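Novice:
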Amino acid sequence: MPEPAPSPSSSRQPRRRPSLRTILLASAAVIWILGFVILHGTSTLTLPASELTDLHRSLNQFNAWVAANRADNPLFLYVFTPLRAGVDAVANLFITTFAASSTGLRLPEIGWLGTVGLLGWIALAIGNARVALLTVAVFMFFGFQGLFLEATYTFALVLTAVLLTLLVGIPIGVLAGVYGRVARVITPVLDFMQTLPTFVYLAPLALIFLIGPASAVIATVIYAAPPVIRLTAHGIRGIPENTREASDSLGTTGLQRLVTLQLPMARRTIVMGINQSTMAALSMVTIAALIAAPGLGQVVVRALQSLDVGTAVNAGLSIVLLAIVLDRVTTAASRRAEPGAARNRRVSRRTRYVVLGITLVLALVMVQFSRTMLWAAAFPTNLNVGPAMVQAVGSASQWMQDNLSFFTVSFREVVTTGILNPFQSLLTETPAYILVAVIAITAYALGGWKLSALAFACLGVIIYLGLWSDSMVTLAGTLVATMVVMVLGIVFGVAMGRSARVDQIMRPMLDAGQTMPAFVYLVPFLGLFGATRFTAIIAGIIYAAPVAIKITADGIAAISPTVVEAAVASGSTPWQVITKVQLPMARQTLALAANQGLIYVLAMVVVGALVGAGGLGYDVVAGFVQSALFGKGLAAGLAIVFLGILLDRMTQAAAATPARKIPSLQTSTT
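Residue numbers (the UniProt record's numbering): 1 to 670.
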């Protein structure tokens, strides 16, 4: 007897009840909106720019105490001062060699001609002929720009910082790769270090080591060390287990296995870490101009402060070109370290050695000329076209401001009044205790009571630091920029993940975008939109978009083709495949993209204080400029730390949530 057909009501799937997470997030949103509507403008903890709290005054007194006792305190006498002197000696060695000596005509030991020849030969030795030609062309261009001295100052500081970073980072990375306990101890420290924006390192290090090249190098070493430590440890841990077992069966000791097996097999990964640390070092050295680090960064800072777009673009272009050279040289070195690279060379090893020998002789001749001939020591001033470039860029910027202001100013004002101001008001005019409750509930929904307790603690510290309102200003700009970054990440990331051709076109541009230091992104938008927080937010979006797009593209591309084919076979349109299959299955990747994009945006929005972004970044910069505000600037740096920790942990918790299953693809036919 045939079974009766199921009724329409029985064939319907039961309605899903909202999860506890959904209920908590909705409750947090309702509490926030009601709190703003009913209580807005009360308990906002606003502190005017010129006012200080007791904590800020105490930090000012601590600064004065350090200055008064620096020469007598044992900690400074036997630890900090010798460390500063040692770093200064190394930095001055390279500065004197390539940039300028402190005596006489202030000429370097190796003039511009010798520097060009020597660096070109080094690029040829560790890279290839194309990289060497690029290096020579770029350093020659520095001379034509009138910025050869500034570029060599920056190069000398980067070189110092990278060498010290490798001296510290590679041994730690080796220990972390060999011993799991070391890796477990340092991983949270590295996570913390990579969460902090570059600004945060400057104030405490300037307090301890004073301003100047030494503080800049020490800050750069701390900022640039995590990539090489991580990648060194990853390279050593990534060696197959059977390979290690085969080595052990031959009776090798731990040290022999490390030297003869693990380090050679991890060479390519270690060189990749050197590449990442070098780029981080350049970014930090330019920012360190705020603590009197010489070089291109100082030119950019002065130009931004005086709104001199032409000079800023000229110096910013030099920073970009230096970043490209450093990236190409270290990337070429990484490729030469790949297994089997020697077999793929177009020229034999003998021919290469002959070429290197001849070019070395030529480079040494150029060095000798630069030490004996004035024209080869200081770049000829009659070849300097920098002022003409500055004037041309300044004229073009003025023309754009005069003729495009209707569009640029209108766009800026629409976004500012329609999005930025309302959202900032929502954060700054909501009572602080309401926002603390809302964020704590959201943290509990994402990661449980531990994350909620961490969020509560971070917000409590920010309130204690007396910078709640400024923190909310920074948070508002960061969140708005991150939302735009995620829109760009999804749009372009999906296109790259679904099309190999689009990926081949866009990925080189995204890679190039990630090589540029944060400073550089402020320059073009300053000419278009003026010195406003909108400029900083736009620069933050452009700075963070490449990493979000690449992570999203990798996540979309990693989805099993079988799942996509099943969706297409069931009649789904491309739009349905994207929205119903690929994006839900890539939710964890999207959360990771949001995490990384948010950290990048926070760093850029803080740096945007140089062009009027306000918030915590303004407090930090004001602390450098005015000694009376040093304590407030130091407190702002700490507030940035805890704000970054809060945002990082909450987005990490969202990324750790398992992706939702796709019901339509889980059902089976009978």
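Every residue, glycine too, gets a C-beta built ideally from N, C-alpha and C. Note that the coordinates shown come from a computational prediction; the quantities given were computed from them, not determined experimentally.
Go ahead and pull the three-state DSSP assignment for I122.
Specialist: The residue you call residue 122 lines up with position 122 of the sequence shown. I122 falls in the helix class under three-state DSSP.
Novice: Consult DSSP for P18 and reduce its assignment to one of helix, strand or coil.
Specialist: Position 18 of the sequence shown, counting from 1, holds the residue named residue 18. P18 sits in coil when the DSSP states are folded into three classes, being neither helix nor strand.
Novice: Leaving aside the five residues before and after S43 along the sequence, list all residues of the same chain whose C-beta is less than 7 Å from its C-beta, in chain order.
Specialist: For the purposes of this step, residue 43 is identified with residue 43 of the sequence shown, where counting begins at 1. Cβ within range, chain order: P431, A432 and Y433.
Novice: So, are the CB atoms of A312 and L304 less than 7 Å apart?
Specialist: Residue mapping note: residue 312 aligns to position 312 of the sequence shown, counting from 1. Residue mapping note: residue 304 aligns to position 304 of the sequence shown, counting from 1. The answer is yes: Cβ separation under 7 Å.
Novice: Can you tell me whether DSSP reads P48 as helix, strand or coil?
Specialist: Along the sequence shown, read from residue 1 onward, the residue named residue 48 stands at position 48. Correct three-state label for P48: coil.
Novice: Report the three-state DSSP secondary structure of A224 (helix, strand or coil).
Specialist: On the sequence shown, position 224 is the one that residue 224 refers to. In the structure shown, the three-state DSSP call for A224 is helix.
Novice: If you compare alpha carbons, which of S469, V523, G555 and F519 is closest to I640?
Specialist: Along the sequence shown, read from residue 1 onward, the residue named residue 640 stands at position 640. Answer by Cα proximity: S469.
Novice: Excluding the 5 residues flanking G555 on each side, which residues of the same chain have their C-beta closer than 6 Å to its C-beta?
Specialist: Position 555 of the sequence shown, counting from 1, holds the residue named residue 555. The answer, listed in chain order, is A586 and T589.
Novice: Could you spell out where the alpha helix (DSSP H) holding V299 opens and where it closes?
Specialist: Position 299 of the sequence shown, counted from the start, is the residue given in the question as residue 299. In the DSSP assignment, V299 falls within the unbroken alpha helix (DSSP H) covering L296 to Q305.
Novice: Can you tell me which of the three DSSP states T573 falls into?
Specialist: Taking the sequence shown and counting its residues from 1, the one referred to as residue 573 is at position 573. Looking at T573 - three-state DSSP - the assignment turns out to be coil, as it is neither helix nor strand.
Novice: Suppose you measure from the CA of A609 to the CA of R533; what does that come to, to the nearest Å?
Specialist: Counted from its first residue, the sequence shown places residue 609 at position 609. Counted from its first residue, the sequence shown places residue 533 at position 533. When rounded, the distance between both Cα atoms is 8 Å.
Novice: For L510, collect the residues of the same chain with a Cβ closer than 7 Å to its Cβ; drop the 5 residues on either side in sequence, then sort them by chain order.
Specialist: Stepping through the sequence shown from its first residue, residue 510 is reached at position 510. Same-chain partners within the cutoff: P546, I549 and K550.
Novice: Determine the DSSP secondary structure at Q61, reduced to helix, strand or coil.
Specialist: As a first step, residue 61 is located in the sequence shown; it is residue number 61 there, counting from the start. Q61 falls in the helix class under three-state DSSP.
Novice: So, do the stretch 560-578 and the stretch 519-533 have three or more beta carbon pairs nearer to each other than 8 Å?
Specialist: Note that the stretch 560-578 does not touch the stretch 519-533; fewer than 3 beta-carbon pairs, one per stretch, sit closer than 8 Å.
Novice: Quick check on DSSP: helix, strand or coil for M486?
Specialist: By one-based count along the sequence shown, residue 486 stands at place 486. Residue state, collapsed to three classes: helix.
Novice: Tell me, to the nearest whole angstrom, how far the beta carbon of Q477 is from that of I537; I am working on the premise that it is less than 8 Å.
Specialist: Reading the sequence shown from its first residue, position 477 is the one you call residue 477. Reading the sequence shown from its first residue, position 537 is the one you call residue 537. The residue you asked about is not Gln; residue 477 is Gly in the sequence shown. Correct: roughly 5 Å between the Cβ atoms.
Novice: Put A536 into one of helix, strand or coil per three-state DSSP.
Specialist: The residue you call residue 536 lines up with position 536 of the sequence shown. It is helical.
Novice: Measuring straight from C-alpha to C-alpha, what distance separates I110 and L426?
Specialist: Looking up residue 110 in the sequence shown gives position 110. Looking up residue 426 in the sequence shown gives position 426. Rounded to the nearest angstrom, the two C-alpha atoms are 58 Å apart.
Novice: What does the alpha-carbon distance come out to for the pair residue 671 and M272?
Specialist: Missing from the structure shown is residue 671; the chain here goes from 1 to 670 and no further.
Novice: Taking all protein chains shown into account, decide if V221 is buried (16 or more other Cβ within 10 angstroms of its Cβ) or exposed.
Specialist: Numbered from 1 along the sequence shown, position 221 holds the residue referred to as residue 221. The residue in question, V221, is buried, as its Cβ has 16 or more Cβ neighbours within 10 Å.
Novice: Count the CB pairs spanning the stretch 385-396 and the stretch 159-176 that are closer than 8 Å, and state whether there are at least three.
Specialist: The stretch 385-396 is not in contact with the stretch 159-176.
Novice: Taking 7 Å as the threshold (C-beta atoms), are A457 and A440 in contact?
Specialist: Taking the first residue of the sequence shown as position 1, residue 440 is located at position 440. Taking the first residue of the sequence shown as position 1, residue 457 is located at position 457. The answer is no: Cβ separation not under 7 Å.
Novice: Nearest to A332 by alpha carbon, out of G460, A99 and A123?
Specialist: In the sequence shown, counting from the first residue as 1, residue 332 sits at position 332. Comparing Cα positions, the closest option is A123.
Novice: Can F142 and S318 be called in contact, C-beta distance under 7 Å?
Specialist: For the purposes of this step, residue 142 is taken as the residue at position 142 of the sequence shown. For the purposes of this step, residue 318 is taken as the residue at position 318 of the sequence shown. Yes. Within cutoff.
Novice: For N595, which option in T573, V485, G169 and T579 has the closest C-alpha, if you only look at C-alpha atoms?
Specialist: For the purposes of this step, residue 595 is taken as the residue at position 595 of the sequence shown. Taking only the C-alpha atoms, the option nearest N595 is V485.
Novice: Please state the DSSP three-state secondary structure of Q626.
Specialist: Within the sequence shown, numbered from 1, the residue matching residue 626 stands at position 626. Reduced to three states, the DSSP call for Q626 is coil.
Novice: So, is A569 buried or exposed, given that buried needs 16 or more other C-beta atoms within 10 angstroms?
Specialist: In the sequence shown, residue 569 corresponds to position 569, counting from 1. Exposed, since its Cβ has fewer than 16 Cβ neighbours within 10 Å.
Novice: From this set, R84, V605, R302 and P574, which residue's C-alpha is nearest A214's C-alpha?
Specialist: One-based indexing of the sequence shown puts residue 214 at position 214. Residue R84 is the option with its Cα nearest to A214.
Novice: Can you check which of these residues, L465, P517 and R184, is closest to I287 by C-alpha distance?
Specialist: Here residue 287 is taken as the residue at index 287 of the sequence shown, counted from 1. When L465, P517 and R184 are compared, the shortest CA-CA separation from I287 is found for P517.
Novice: On a CA-only basis, which of A315, G527 and M373 is nearest V409? Give me that one, please.
Specialist: Counting from one through the sequence shown, the residue named residue 409 turns up at place 409. Cα-wise, what sits closest to V409 is G527.
Novice: Check D402 in the structure and name its three-state DSSP category.
Specialist: Walking along the sequence shown from the start, residue 402 turns up at place 402. Residue state, collapsed to three classes: helix.
Novice: Taking T152 as the reference, give the member of I270, Y201, A91 and V185 with the closest Cα.
Specialist: Residue numbering aside, residue 152 sits at position 152 when the sequence shown is read from its first letter. Residue A91 is the option with its Cα nearest to T152.
Novice: DSSP three-state call for L159: helix, strand or coil?
Specialist: Reading the sequence shown from its first residue, position 159 is the one you call residue 159. Reduced to three states, the DSSP call for L159 is helix.
Novice: To the nearest angstrom, how far is the alpha carbon of H40 from that of L75?
Specialist: One-based indexing of the sequence shown puts residue 40 at position 40. One-based indexing of the sequence shown puts residue 75 at position 75. In this structure, the alpha-carbon of H40 lies about 49 Å from that of L75.
Novice: Would you tell me roughly how many angstroms separate the C-alpha atoms of A125 and L255, rounded to the nearest one?
Specialist: In the sequence shown, counting from the first residue as 1, residue 125 sits at position 125. In the sequence shown, counting from the first residue as 1, residue 255 sits at position 255. Between the C-alpha atoms of A125 and L255 there is a straight-line separation of about 29 Å.
Novice: Are the Cβ atoms of G612 and T474 separated by less than 7 Å?
Specialist: Looking up residue 612 in the sequence shown gives position 612. Looking up residue 474 in the sequence shown gives position 474. Taking a C-beta distance under 7 Å as the contact criterion, G612 and T474 do not qualify as a contact pair.
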